[in-house]
Each structure stands twice: as structure tokens, then as C-alpha cells.
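Novice: Heads up: the sequence lines are chains E and U, in that order.
Counting from 1, position 79 in the first sequence corresponds to residue 103 in my numbering; the numbering is continuous, with no gaps.
Counting from 1, position 47 in the second sequence corresponds to residue 71 in my numbering; the numbering is continuous, with no gaps.
This is the structure I have questions about; it appears just below.
Number of protein chains: 2
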Amino acid sequence: MDETSETRQAALAYVESLENRDWPRLTTLLADDVVYEMPQTRERIRGRPAFLRFNTDYPGDWHLRVRRLLADGRAAALWLDVVVGADALEACVWLDVDEHGLISRITDHWPEPYEPPPGREHLVERWSA
Amino acid sequence: MDETSETRQAALAYVESLENRDWPRLTTLLADDVVYEMPQTRERIRGRPAFLRFNTDYPGDWHLRVRRLLADGRAAALWLDVVVGADALEACVWLDVDEHGLISRITDHWPEPYEPPPGREHLVERWSA
């Protein structure tokens, strides 16, 4: 299996194990020194134990579905549909996989809905929430 | 050149032509019926003329720098550092390239900074803005 295929498989397994709360499987996918970052809040979590704890503790009934998965060498990008309780949002997740096929870096972007600025109504259509 | 390489080249040229305000070059990269979407505001722009107008009219002194570019077949994902005046933010851009190598679909996510929820301080470190 080439690098890109290995990365694609790791990225899919990452989402599946989170969605299934399969913490033993998630553990096997992660490098010991995995780094997780959330640029919007400038938060960083270092190491597999802390990252697992962050996920097992995460509040709410959240669910993940892959809308898009791109793999390119040792990097992957995921566009996820996320449902948390009654709220739906999209997430963009960037993964790096190390030479052992383990996920070594995870970056989550959580773009939240907002109202469009005025002045471009003549160019756009809007779809329903 | 294979599909993935063609897509990578189109994605890079897309960012370069936007950054350089090179509208003739940007025009050559886009399919006639390109669709541009901003899921956070649920806005959609259809067609090359409207999309060009959206960009030429976009207010502010904005600049784009590619932090990451992943290409995978006819799809690309870009993680951009965006500077608008004094503000810095990150964007996630998803591109589809058609069988002629032209960009047929563009989706922009604009994740904005926010304050982290309480309760996870023991797991995270924060970096400076």
C-alpha cells in the first residue's frame, strides 16, 4: 500500500473510531506524541493520553460523517458533517501521518454559521438552514 | 501530467491569481458554470462572471498565503493564511476540477476565533494571538 493509501485508511479509521467511541481502536491509530490543535481558540493538546481524555470527556451527543476525504502523501484533509444534539455544523480536519502510519498531528477548524455582510445580495442565492 | 498533479497546479494558480488580482489569469482557470459556496452563510454564487465580480468587489486589503495544499484526483483542499487589513485568520477551501482541468466548484470555510469553553484547561495549553 502506498503512502497516500495508508494515510487515507488512517483518516477513515480515525473518524470511524471517534464516531463509534472505539477508544482502543483510536489509541492504536495515534502516535504517542500526537499533537492536537484548534487554531480558533489557540488551544493545543500534547500526547495520546490527554487527547484521548479530551475526546472521552467531550460533552454532548456528537456524531461525525465524512463528506470529503482527501489524502496526499502523509497528509489528509477531512470535511465532516458534525451533529451535536440538535445542532449541525461542518468541520475541516487536517491530519499528518508519520512514517509508521500513525497520526501525529491533528488540526480542527470549526467554522460556525454567521449572517452574510450586506452588499452582495445581487450576486448570491441562499439556501435554507 | 496526472489528474492529481493537474489539480494541484490549478489550485496553486487559483490562489496566486487571487493574491495578484490577476483577473485574466483567474478567468482562464474557471469553468463557465463554476459554483462557489460559503456554507457558513449558506450563500451560493453561480457562474464565472458573478464569481469574478464577487472577487473584484470584495472589500478590504486582503492577502492569501498557502499553508497547506492537498490534491487527490480531481479535488483539492487548501489551508490558507488570510490577512484582511490588520486581521489574520485561516480559511479552508475545497476545490473540484473538471475533466478539462478547470475549477468547477469552490467551497470556502472561514473559521473565526472564539473563546474556548471552560472545563478543559487541565488538558490544553494556549498559544498567543
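Think of the CB as a built atom: it goes at the ideal place given N, C-alpha and C, for glycine as much as any other residue.
#1: Go ahead and pull the three-state DSSP assignment for Y82 (chain E).
#2: Taking only runs of the alpha helix (DSSP H) that begin and end inside the region 68-122 of chain E, which ones reach a length of at least 4 residues, in chain order?
#3: Have a look at P83 (chain E) and E43 (chain E) and give me their C-alpha separation to the nearest angstrom.
#4: As a quick exercise: from U:L102, U:W118, U:W134, U:F78, pick the residue whose alpha carbon is nearest that of L147 (chain E).
#5: If contact means a Cβ-Cβ distance below 7 Å, which residues of the region 110-133 of chain E contact chain U?
#6: Below 8 Å between beta carbons is the criterion; list the residues of the region 41-66 of chain E that meet it against any residue of chain U, in chain order.
#7: Helix, strand or coil, according to DSSP, for A37 (chain U) in the structure here?
#8: I'd like the list of long-range same chain contacts for A100 (chain E), defined as Cβ closer than 6 Å, with 5 residues on each side in sequence excluded.
#9: Near H87 (chain E), what residues of its chain come up, given a Cβ to Cβ distance below 6 Å and the 5 sequence neighbours on each side ignored?
#10: Please classify Y38 (chain E) as buried or exposed, where buried requires at least 16 other C-beta atoms within 10 Å of its C-beta.
#11: Where does A153 (chain E) land, buried or exposed, given buried means 16+ other C-beta within 10 angstroms?
#12: Strictly below 7 Å CB to CB, what residues from chain E border V90 (chain U)?
#13: DSSP puts Y154 (chain E) in a beta bridge; with which residues?
#14: Would you say D85 (chain U) lies against chain E (beta-carbon separation less than 9 Å)?
#15: In the structure shown, what three-state DSSP assignment does R45 (chain E) receive?
#16: Anything in chain E within Cβ reach of Y138 (chain U), meaning under 8 Å, just list it in chain order.
#17: Three or more C-beta pairs under 8 Å: does that hold for the region 69-76 of chain U against the region 119-137 of chain E?
#18: Whole angstroms is fine: what's the gap from E27 (chain E)'s alpha carbon to G109 (chain U)'s?
#19: Beta carbon of E123 (chain U): closer than 8 Å to some heavy atom of the ligand ADP?
#20: Under the assumption that R66 (chain U) contacts R150 (chain E) (Cβ atoms under 8 Å), give the Cβ distance between them as a whole number of angstroms.
Specialist: Short version:
#1: coil
#2: 72-81
#3: 14 Å
#4: U:F78
#5: E114, C116, W118, H133
#6: M62, P63, Q64, T65, R66
#7: helix
#8: T31, A35, L119
#9: V107
#10: buried
#11: exposed
#12: Simply none; closest approach about 13 Å.
#13: Since the displayed chain E opens at 25 and closes at 153, residue 154 (chain E) lies outside it and no answer follows.
#14: no
#15: coil
#16: Q64, T65, E136
#17: no
#18: 40 Å
#19: This structure simply doesn't include the ligand ADP, nor any ligand for that matter.
#20: 5 Å
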